[in-house]
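This report refers to the structure that appears directly beneath it.
In the working numbering, the protein residues as written are 489 to 1165.
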């Protein structure tokens, strides 16, 4: 644990390096290390890599258990909990992060999210300091594991605020919240990456505000019991006005003075979907931060999407404190999941809860074969003679409560469940089970074609370059290069330094004359780009190029301008109509260098963009091709050293070109020709 929090790693973010503890959430690695040590203590010879690969599936089992416990608190029947646990176990919205090999923060975070909510419901129900302390303990664990802990930090205070507004303040609510907030805040502040954010960041101020509000409400309840009603109203009005004015003025003053940091960019992007693209393009450039399309809800939730509203309605029907929590959770998670694809992960648990509640209600009614129409039980017994004469007519079961109706409904539900299982299996197999570094496609005969260019390129780097070789690539590939090629990189997926990422974006989007000094300044030996024009691989760097430009423009608006990379008609093109800035950029040259030679003259075509390219490809002067993978997906270029006689590379290349022409001409004409260029 101490090593993770204090380590300084120089193998990435060259030449800055990175303090590990201050730039990541350590919960995932600490959990893996503890499990590894425990298994070794039990004399089980496991490798740490096995632990990392199987960690997510193991925690998905715990998530199913936590889901059962949470849902059982909402329903009188345990069948709802069993259904919810089964749903979350195979739902594509969660299984995308719980498959084997998915070693990411969410692998353990969703279990902690669901279990923390269960503990919070138990704390509210019992008003117990013990349950409140357990909630705080797992909340602290959640803070150490995932940045999404802010969702809990704001959802629990909102639940308390709504209960107060509904007139449901109780001592149980006071005890549970104050215990959670006091201990949970202290626990979260022990994480170096979080530090003093819980008391200095606007994202956490709602929790602090509700903590203060609870003290006021408790004091008011005390006054109500001590002061006569007329005087109480006067005191209450004065107290509310005074507290509001003082709190608002203090919040404004602390925010203006910088003691309390403003809302983070990710928070703003949740409420204003265009904010990140304009102000913080590094956030908007991540595919998981894009708005969710409607088909994605059906793809990840399937039939649960129409069981979700009835389940929420049932919470309105019962409307106890715990049901209010589920309603608030459902509303917020639905909105956030629509704003950002990644937050489908937080919506899936509450959808499973609601679907479990709705489906269990249906099955509890239609699987009960020994009961007649429930409405018949509410009828009066009547006189004995009437009972004797009409006994057969009254006991006759008709309509939706007949055995035939129950059989039809139960069979229909069973068919839906079978289709749901088949859908989840298909999605898991085809969408969420393929490693990101090994691509696959289908040939016309139906056989699978493996595209292994990533590993091929990383293996080449590992075998053909010195250990301290510096690699420049876009941040998407930083972890892969560091882990599989074992070479230092300029940026990686941690994205903790926006300026350094913008520097890479500037180098990629500038001409060679501008890019070369940047490469030399950062000791870059090789530049790696991903190009899918040959096979039609759409996840290449040309399709990401606009984000590199936007990020660089955010730091150097006078040197890099996004509009320069569009044509006069506002089109983003790579063919002969491409803008001069696009054709001269380092990214364009590295992607299309020598590409036209793969085709007959004048027929070079980019299969991703679907355009025909110029007959003459770009030329390079400051870098040279070092490696191109089998399917041209990975291209690696070596940065040239400075010229021996101090010339720039353009002049040196022109001289060499002229020298060759001079030699040829002298042989043909018999006389040397002096040329200066």
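A virtual CB, placed ideally from N, CA and C, is assigned to each residue, including glycine.
- prompt: Looking at C-alpha atoms only, which residue of 548, 946 and 567 is the closest neighbour of residue 853?
  reply: Here residue 853 refers to the residue found at position 365 when the chain shown is read from its first residue. Nearest C-alpha to residue 853: 567.
query: By Cβ distance below 6 Å, which residues in the same chain neighbour residue 894 in space, the five residues on each side in sequence not counted?
result: To locate residue 894, count along the chain shown from 1; it is residue 406. Excluding sequence neighbours, residue 894 sits near 854.
- request: To the nearest angstrom, report how far apart residue 592 and residue 540 are at their CA atoms.
  value: Against the chain shown, residue 592 aligns to sequence position 104. Against the chain shown, residue 540 aligns to sequence position 52. Each residue's Cα considered, the two are about 9 Å apart.
Inter-residue spacing [alpha-carbon to alpha-carbon] between residue 431 and residue 1125: No answer is possible for residue 431: it lies beyond the span of the chain, which begins at 489 and ends at 1165.
- request: Report all residues from its chain with a CB closer than 6 Å to the CB of residue 1093; omit the five preceding and five following residues, and keep chain order.
  value: If you number the chain shown from 1, residue 1093 lands on position 605. If you ignore the 5 residues before and after residue 1093, its C-beta comes within less than 6 Å of the C-beta of 1100, all in its own chain and listed in chain order.
message: If we define contact as Cβ-Cβ less than 8 Å, is residue 897 a contact residue for chain C?
response: The displayed structure is made up of one protein chain only, and chain C is not part of it.
task: Counting only the same chain and skipping the five closest in sequence on each side, list residues whose C-beta sits under 6 Å from that of residue 559.
output: Position 71 of the chain shown holds residue 559. Here the set comprises 568, 569, 572, 841 and 844.
query: What alpha helix (DSSP H) runs, 4 residues minimum, are completely inside the stretch 561-586?
result: 566-578 and 580-583
task: On the DSSP bridge assignment, give the partners of residue 1166 in chain order.
output: Outside the shown range of the chain (489 to 1165) lies residue 1166, about which nothing can therefore be said.
Three-state class that DSSP yields for residue 916 in the structure shown: As a first step, residue 916 must be located in the chain shown, where it is residue number 428. Reduced to three states, the DSSP call for residue 916 is helix.
task: Could you have a look at residue 1064 and say whether DSSP puts it in helix, strand or coil?
output: Locating residue 1064 in the chain shown gives position 576, counting from the first residue. It is coil, neither helix nor strand.
message: Would residue 996 and residue 1075 qualify as a contact pair, given that the criterion is a beta-carbon distance under 8 Å?
response: Here residue 996 corresponds to residue number 508 of the chain shown, with the count starting at 1. Here residue 1075 corresponds to residue number 587 of the chain shown, with the count starting at 1. The Cβ atoms of residue 996 and residue 1075 lie closer than 8 Å to each other.
- prompt: If you compare alpha carbons, which of 926, 1073, 1091 and 547 is closest to residue 999?
  reply: Locating residue 999 in the chain shown gives position 511, counting from the first residue. For residue 999, the nearest C-alpha among the options comes from 1073.
Terminal residues of the beta strand (DSSP E) in which residue 1116 lies: Reading the chain shown from its first residue, position 628 is the one you call residue 1116. Where residue 1116 is concerned, the enclosing beta strand (DSSP E) stretches over 1111-1116.
field: Residue interval of the alpha helix (DSSP H) (run including residue 936)
entry: The count along the chain shown starts at 1 and reaches residue 936 at position 448. From DSSP, residue 936 is part of no alpha helix (DSSP H) but of the beta strand (DSSP E) over 936-939.
task: Please check the pair residue 1058 and residue 1082, which I expect to be a contact at CB under 8 Å, by giving their CB distance rounded to whole angstroms.
output: Working through the chain shown from its first residue, we reach residue 1058 at position 570. Working through the chain shown from its first residue, we reach residue 1082 at position 594. Not a contact, Cβ separation roughly 30 Å.
- prompt: Exposed or buried, which one is residue 759 when buried takes at least 16 other CB atoms within 10 Å?
  reply: Counting from 1 along the chain shown, the entry for residue 759 is found at position 271. Exposed, since its Cβ has fewer than 16 Cβ neighbours within 10 Å.
- prompt: In chain order, which alpha helix (DSSP H) runs of at least 4 residues are fully inside the stretch 1028-1089?
  reply: 1029-1043, 1068-1072 and 1074-1080
- request: Give a yes or no on contact between the stretch 604-612 and the stretch 650-668, applying the rule of three or more CB pairs nearer than 8 Å.
  value: yes
Span of the alpha helix (DSSP H) around residue 994: Here the question's residue 994 lines up with position 506 in the chain shown. Start and end: 986-997.
message: What does the alpha-carbon distance come out to for the pair residue 497 and residue 517?
response: Position 9 of the chain shown, counted from the start, is the residue given in the question as residue 497. Position 29 of the chain shown, counted from the start, is the residue given in the question as residue 517. The straight-line gap from Cα to Cα measures roughly 15 Å.
field: Cα-Cα separation between residue 926 and residue 813, rounded to whole angstroms
entry: Locating residue 926 in the chain shown gives position 438, where the first residue counts as 1. Locating residue 813 in the chain shown gives position 325, where the first residue counts as 1. If you take the alpha carbons of residue 926 and residue 813, they lie about 42 Å apart.
- request: Report the three-state DSSP secondary structure of residue 983 (helix, strand or coil).
  value: The sequence position of residue 983 within the chain shown is 495, counting from 1. Coil, per DSSP.
- request: Kindly identify the DSSP beta-bridge partner or partners of residue 927.
  value: Translated into the one-based positions of the chain shown, residue 927 becomes position 439. Looking at the DSSP assignment, residue 927 forms a beta bridge with 939.
- prompt: Name the DSSP bridge partner or partners of residue 1123?
  reply: Reading the chain shown from its first residue, position 635 is the one you call residue 1123. According to DSSP, residue 1123 bridges with 1017 and 1116.
field: Counted within 10 angstroms of its Cβ, other Cβ atoms place residue 632 as buried (16 or more) or exposed
entry: Along the chain shown, one-based indexing puts residue 632 at 144. Buried, because 16 or more other Cβ atoms sit within 10 Å of the Cβ of residue 632.
- prompt: Would you call the stretch 823-830 and the stretch 767-778 in contact, with 3 or more CB pairs under 8 Å?
  reply: Taking 8 Å as the limit for Cβ pairs, the verdict is that the stretch 767-778 does touch the stretch 823-830.
task: Give the secondary structure of residue 496 by DSSP, where H, G and I count as helix, E and B as strand, and everything else as coil.
output: Locating residue 496 in the chain shown gives position 8, counting from the first residue. Strand at residue 496.
message: I'd like the span of the alpha helix (DSSP H) that includes residue 776, first residue to last.
response: Looking up residue 776 in the chain shown gives position 288. Looking at the DSSP string, residue 776 is not in any alpha helix (DSSP H), and its letter there is neither H nor E.
- prompt: Straight-line CA distance for residue 798 to residue 846?
  reply: Locating residue 798 in the chain shown gives position 310, where the first residue counts as 1. Locating residue 846 in the chain shown gives position 358, where the first residue counts as 1. Residue 798 and residue 846: Cα-Cα distance of roughly 6 Å.
- prompt: What residue from 638, 1020, 849 and 644 has the CA that sits closest to residue 801's CA?
  reply: The residue you call residue 801 lines up with position 313 of the chain shown. Ranking 638, 1020, 849 and 644 by Cα distance to residue 801 puts 849 first.
query: Got a sec? Which residues, its chain only, sit under 6 Å from residue 949 by beta carbon, not counting five neighbours each side?
result: If you number the chain shown from 1, residue 949 lands on position 461. If we look at residue 949 and ignore the five residues flanking it on each side, its Cβ neighbours are 973 and 975.
query: Quick one: Cα of residue 710 to Cα of residue 728, how far?
result: As a first step, residue 710 is located in the chain shown; it is residue number 222 there, counting from the start. As a first step, residue 728 is located in the chain shown; it is residue number 240 there, counting from the start. Taking the straight line joining both Cα atoms gives about 15 Å.
query: So, using beta-carbon positions, are residue 839 and residue 792 closer together than 8 Å?
result: Residue mapping note: residue 839 aligns to position 351 of the chain shown, counting from 1. Residue mapping note: residue 792 aligns to position 304 of the chain shown, counting from 1. One thing to note: residue 839 has its Cβ within 8 Å of the Cβ of residue 792.
query: If you draw a straight line from the alpha carbon of residue 1136 to that of residue 1054, how long is it in whole angstroms?
result: Mapped onto the chain shown, residue 1136 falls at position 648. Mapped onto the chain shown, residue 1054 falls at position 566. About 29 Å.
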